[in-house]
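Top to bottom, those sequences are chains U and B.
Note that the first sequence covers residues 1 to 337 in the UniProt record's numbering.
Note that the second sequence covers residues 1 to 337 in the UniProt record's numbering.
Every residue, glycine too, gets a C-beta built ideally from N, C-alpha and C.
None of the values given here were measured: they were computed from a predicted structure.
Report on the following structure.
2 protein chains.
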Amino acid sequence: MTDRPRNPTIIDVARLAGVSKSVVSRVVSGRGSVGEETRRRVLRAAEELGYVVNAVARAMVAHRTYTVGAFVRDAATPFYGHLLTALQERAAFHGYRVVTATGSGGFEVSDEYRALETLAMLRVEALIVCSGLLPSEQIVPFAARLPTVVAGRPETHPSITSVYCDEDEGGTALAGHLLGLGHREIAVITVAASSSVTLGPRTAAMTRHLREHGARVLEIPGPHRETAGAWATEVLRHPEITAVMTPSDRHAIALLEQLRLRDVAVPERLSVTGYDGIGDLTTPLIGLTHWRQPIDLIGSRAVDALVRLLDGEQPPDHHQALPGTLVIGRTTAPPAG
Amino acid sequence: MTDRPRNPTIIDVARLAGVSKSVVSRVVSGRGSVGEETRRRVLRAAEELGYVVNAVARAMVAHRTYTVGAFVRDAATPFYGHLLTALQERAAFHGYRVVTATGSGGFEVSDEYRALETLAMLRVEALIVCSGLLPSEQIVPFAARLPTVVAGRPETHPSITSVYCDEDEGGTALAGHLLGLGHREIAVITVAASSSVTLGPRTAAMTRHLREHGARVLEIPGPHRETAGAWATEVLRHPEITAVMTPSDRHAIALLEQLRLRDVAVPERLSVTGYDGIGDLTTPLIGLTHWRQPIDLIGSRAVDALVRLLDGEQPPDHHQALPGTLVIGRTTAPPAG
DNA sequence: TCACGTTTGTGGAACGTTCCCAAAGTGAAA
DNA sequence: TTTCACTTTGGGAACGTTCCACAAACGTGA
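Structure representation (structure tokens):
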């Protein structure tokens with residue numbers, strides 16, 4: 001950064017308008033009374049100099065930054081991408097900015113700590129945690145320092161506010177749909193509850209509901225989409241299986257790609273389900289049967305809750321579970337035979 | 001915001017450690033020399049109080065915010081979403097933060113002006129403009145105030161630096177691909193150059209190249225994806241047409257959905273092409289033939305150029321055109337008959 | 001005319017840093 | 001011992017705002 005011209009300050013404006021800096025401050029901040037004639041002179045001077053309020057100086061004295069920090073671990077996934085957009089939009093509506101900190105993809109604790117530190121340096125007023133990976137216990141210390149809302153994932157810790165779409169309901173609805181179609185031998189691509197707070201519970205719900213209703217379940221551990229080829233192979237080794245449930249739309253797409261390579265007919269030979277309702281992935285072209293989460297609503301409700309916390313109120317619902325929708329596409333059908 | 005406890009300051013730390021604030025400042029900022037024993041005492045005191053540097057105060061005195069503003073108009077589109085992520089990542093690498101301002105979707109000029117004003121208030125050090133909609137002339141005044149780089153769209157104005165993937169090359173390559181397959185009657189969903197700086201030129205290039213090589217082109221004006229049904233109807237009114245070129249992957253998907261509803265076989269009856277190479281949209285499951293832009297590279301090169309501008313150097317290439325790739329999928333094939 | 005409230009304007013302190021300059025301390029060379 | 005260079009420390013100004021206490025000006029009703 002080389003010597004670029006300094007921005008004009010309140011004092012430059014005051015000098016040009018022939019008043020004190022206090023008057024200019026009152027004009028630009030809109031607090032306190034100023035004579036009509038004086039106000040006009042000040043505005044003209046500001047215009048002439050190209051004066052723009054310095055939010056940094058203002059933030060320092062006001063002890064307010066009107067900024068909330070979004071902590072995102074798995075930002076690259078479309079679900080969190082959408083969520084972030086929704087947050088940003090709603091925050092702007094309330095007059096807040098969002099700065100995003102990410103654990104830079106790494107899985108080390110120090111990484112997260114640094115990200116939080118950065119947000120603290122910026123004096124964000126509150127925190128929105130969006131991450132299916134970060135375990136609850138790690139969020140508690142954040143919440144002790146700043147008003148914190150967890151968005152897009154189930155959270156039960158009493159000291160934390162959260163907004164999410166119930167994972168049990170989604171997993172159960174999808175499982176019920178397959179049972180209703182007549183499937184009784186079903187594979188579930190499972191994710192350990194310990195490795196993802198969102199993906200774990202939903203696959204657990206699927207498995208549980210299926211078993212409770214007399215279906216036989218083959219659990220295939222599948223945290224990484226890259227192993228979709230292996231899932232396909234494993235499913236096909238069990239010819240009695242007629243349906244596969246996956247933990248997310250992306251997992252479903254990856255599986256469908258693999259099945260296509262192997263010339264397996266969907267839904268004739270195998271039914272497949274997704275989860276999330278990511279716009280681009282659930283195009284009618286593919287017609288994926290899935291559980292749709294109201295991502296935009298989750299985002300805006302999370303921000304609303306945060307704003308209430310900032311205003312000192314306790315939000316009405318400490319943990320808000322929003323309703324999702326079962327979307328039936330063309331990747332599920334009654335089992336053959 | 002109700003009375004939450006003040007954050008400890010450098011002075012609190014100094015008092016606890018029994019030194020002056022200057023010493024603490026030198027320890028936490030890492031400039032200037034401090035005795036080893038004193039440094040340890042200061043660090044211990046900072047730890048004990050939970051001291052975190054105040055970036056706001058620091059920014060004020062240093063006249064640096066290490067923040068760049070990203071101005072995005074069409075943020076909801078996946079192309080710009082990806083680009084934004086890439087920018088953020090690379091900026092972090094260089095030690096900068098990104099704050100995003102959007103024209104809130106509206107199309108009024110005052111809207112844009114306010115967004116720019118907001119960024120100016122925050123004292124961002126530079127600007128990255130990502131928008132296919134904003135016309136060049138409107139960017140020039142931004143660039144007069146702040147170092148500015150335009151990312152992801154062609155830009156030829158001499159006073160502006162830009163990084164993009166050449167639209168001519170992409171349009172020409174896709175057109176050449178169809179010509180090579182033997183298509184001679186082709187529809188192009190066109191976008192007026194005036195309404196989008198990216199979509200306009202690429203469809204113009206397609207049309208031009210096709211015509212120059214003896215193909216007959218039917219131009220269908222199609223800025224909005226919602227009218228995909230009308231495109232399909234129009235194309236099918238001309239039975240001689242064997243291929244349709246669209247201005248983006250999303251347009252292509254929308255068209256494919258409509259063709260599917262009408263039971264039109266792709267690619268047997270009609271070939272279809274996309275443009276951009278959005279990861280989620282170009283899944284092998286759909287196998288869309290498209291031109292892939294190196295979005296991540298565009299983002300990181302744009303940030304690199306910006307950092308050079310901030311360092312007072314002129315970036316080596318004023319306008320950097322990066323190479324794209326022709327990706328041939330299963331939505332294009334030789335014409336029937 | 002006087003006392004009093006209201007409106008408008010002024011100057012200075014405060015916010016939490018960094019940076020500059022001066023002072024004090026520490027050795028080593030003269 | 002004195003001098004000099006160098007390291008370490010402390011005090012104060014500056015950054016650009018907001019806010020507070022106060023002064024001046026101006027009616028206004030008694």
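Rounded to the nearest angstrom, what separates U:Phe142 and U:Ser159 at their Cα positions?
Mapped onto the first sequence, residue 142 of chain U falls at position 142. Mapped onto the first sequence, residue 159 of chain U falls at position 159. Looking at the two C-alpha atoms, the distance is approximately 11 angstroms.
Are the beta-carbon atoms of U:Val68 and U:Ile139 separated by less than 8 angstroms?
Translated into the one-based positions of the first sequence, residue 68 of chain U becomes position 68. Translated into the one-based positions of the first sequence, residue 139 of chain U becomes position 139. Not a contact, by the Cβ cut-off of 8 angstroms.
Neighbour flag for B:Gly299 against chain U, beta carbons, 8 angstroms
Position 299 of the second sequence, counted from the first residue, corresponds to residue 299 of chain B. No, B:Gly299 lies away from the interface with chain U (no Cβ there is under 8 angstroms from its Cβ).
Name the one or two DSSP bridge partners that U:Thr67 has.
Here the question's residue 67 of chain U lines up with position 67 in the first sequence. According to DSSP, U:Thr67 bridges with U:Arg97.
Taking C-beta to C-beta, are U:Tyr164 and U:Ile298 nearer than 8 angstroms?
As a first step, residue 164 of chain U is located in the first sequence; it is residue number 164 there, counting from the start. As a first step, residue 298 of chain U is located in the first sequence; it is residue number 298 there, counting from the start. Against a cut-off of 8 angstroms, the Cβ pair of U:Ile298 and U:Tyr164 comes out as a contact.
Using a Cβ-Cβ distance under 8 angstroms, would B:Gly81 count as near chain U?
Translated into positions along the second sequence, residue 81 of chain B becomes position 81. Yes, contact with chain U.
Reduced DSSP secondary structure (H/G/I, E/B, other) of B:Pro221
On the second sequence, position 221 is the one that residue 221 of chain B refers to. Strand.
C-beta atoms of B:Glu185 and B:Thr242 nearer than 8 angstroms:
In the second sequence, counting from the first residue as 1, residue 185 of chain B sits at position 185. In the second sequence, counting from the first residue as 1, residue 242 of chain B sits at position 242. A contact, by the Cβ cut-off of 8 angstroms.
Beta-carbon contacts of U:Thr332 that lie in its chain and below 8 angstroms, excluding the five residues immediately before and after:
Mapped onto the first sequence, residue 332 of chain U falls at position 332. The answer, listed in chain order, is His177, Leu178, Leu181, Ala243, Pro267, Ser271, Val272, Thr273, Thr289.
For B:Ser20 and U:Thr118, what's the separation of their Cα atoms in angstroms?
Taking the first residue of the second sequence as 1, we reach residue 20 of chain B at position 20. Taking the first residue of the first sequence as 1, we reach residue 118 of chain U at position 118. Rounded to the nearest angstrom, the two C-alpha atoms are 25 angstroms apart.
Top-ranked residue by Cα proximity to B:Pro294, from B:Leu281, B:Ala321, B:Pro315, B:Arg308:
Here the question's residue 294 of chain B lines up with position 294 in the second sequence. With distances taken between Cα atoms, B:Pro294 lies closest to B:Ala321.
Kindly list the residues whose CB is nearer than 6 angstroms to the CB of residue 353 of chain U, restricted to its own chain and excluding five residues on each side of it in sequence; keep chain order.
Because chain U is modelled from 1 through 337, residue 353 of chain U falls outside the range shown and cannot be assessed.
Chain-order list of residues whose beta-carbon lies under 8 angstroms from that of U:Ala192 (same chain, five-residue window excluded):
Taking the first sequence and counting its residues from 1, the one referred to as residue 192 of chain U is at position 192. Same-chain partners within the cutoff: Gly200, Pro221, Pro223.
Any C-beta of chain B sitting closer than 8 angstroms to the C-beta of U:Val266?
On the first sequence, residue 266 of chain U is found 266 positions in, with the first residue counted as 1. No, its Cβ sits nowhere closer than 8 angstroms to a Cβ of chain B.
On the CB-based measure, 16 or more other CB atoms within 10 Å of its CB, does B:Leu83 come out buried or exposed?
Counting from one through the second sequence, the residue named residue 83 of chain B turns up at place 83. So B:Leu83 ends up on the buried side.
Is any beta-carbon of chain U found at less than 8 angstroms from that of B:Glu219?
Locating residue 219 of chain B in the second sequence gives position 219, where the first residue counts as 1. With 8 angstroms as the cut-off, B:Glu219 does not count as an interface residue toward chain U.
Candidates B:Val307, B:Val217, B:Leu256, B:Leu306: closest to U:Gly287 by CA position
Counting from one through the first sequence, the residue named residue 287 of chain U turns up at place 287. U:Gly287 has its Cα closest to that of B:Leu256, out of B:Val307, B:Val217, B:Leu256, B:Leu306.
Between the alpha carbons of B:His209 and B:His238, how many angstroms are there, rounded?
Taking the second sequence and counting its residues from 1, one reaches residue 209 of chain B at position 209. Taking the second sequence and counting its residues from 1, one reaches residue 238 of chain B at position 238. Whole-angstrom Cα-Cα distance: 21 angstroms.
Compare the C-beta of B:Gly106 with all C-beta atoms of chain U and state if any pair is closer than 8 angstroms.
Walking along the second sequence from the start, residue 106 of chain B turns up at place 106. Low per-residue confidence applies at B:Gly106: pLDDT is 46, beneath 50, and the placement is therefore not dependable enough to give any value.
Rounded C-beta distance between B:Leu122 and B:Val99? I'm assuming under 8 angstroms.
For this step, residue 122 of chain B is matched to residue 122 along the second sequence. For this step, residue 99 of chain B is matched to residue 99 along the second sequence. The pair is a contact, with the Cβ atoms about 6 angstroms apart (cut-off 8 angstroms).
Who are the near neighbours of U:Pro335 in its chain, counting only those whose CB is closer than 6 angstroms to its CB and skipping five residues on each side?
By one-based count along the first sequence, residue 335 of chain U stands at place 335. Same-chain partners within the cutoff: Gly182, His183, Thr242.
So with Cβ pairs under 8 angstroms, would you call B:Asp280 a contact of chain U?
Sequence index remark: in the second sequence, residue 280 of chain B carries index 280 (1-based). Yes, B:Asp280 lies at the interface with chain U (some Cβ there is under 8 angstroms from its Cβ).
Residues of the UniProt region "Disordered" (316-337) of chain B whose Cβ lies closer than 8 angstroms to any Cβ of chain U, in chain order:
none
At what residue ranges does the segment 157-214 of chain B contain a whole run of the alpha helix (DSSP H), taking only runs of 4 or more?
167-181, 199-212
Taking the CB atoms as reference points, tell me whether B:Thr161 and B:Pro315 lie closer together than 8 angstroms.
Walking along the second sequence from the start, residue 161 of chain B turns up at place 161. Walking along the second sequence from the start, residue 315 of chain B turns up at place 315. In this structure, B:Pro315 lies closer than 8 angstroms to B:Thr161 by Cβ.
Taking the C-alpha atoms as reference points, what is the distance between U:Cys130 and U:Val28?
The residue you call residue 130 of chain U lines up with position 130 of the first sequence. The residue you call residue 28 of chain U lines up with position 28 of the first sequence. So the alpha carbons of these two residues sit roughly 36 angstroms apart.
If the cut-off is 7 angstroms on Cβ atoms, which residues from the segment 121-134 of chain B count as contacting chain U, listed in chain order?
Met121, Leu122, Arg123, Glu125
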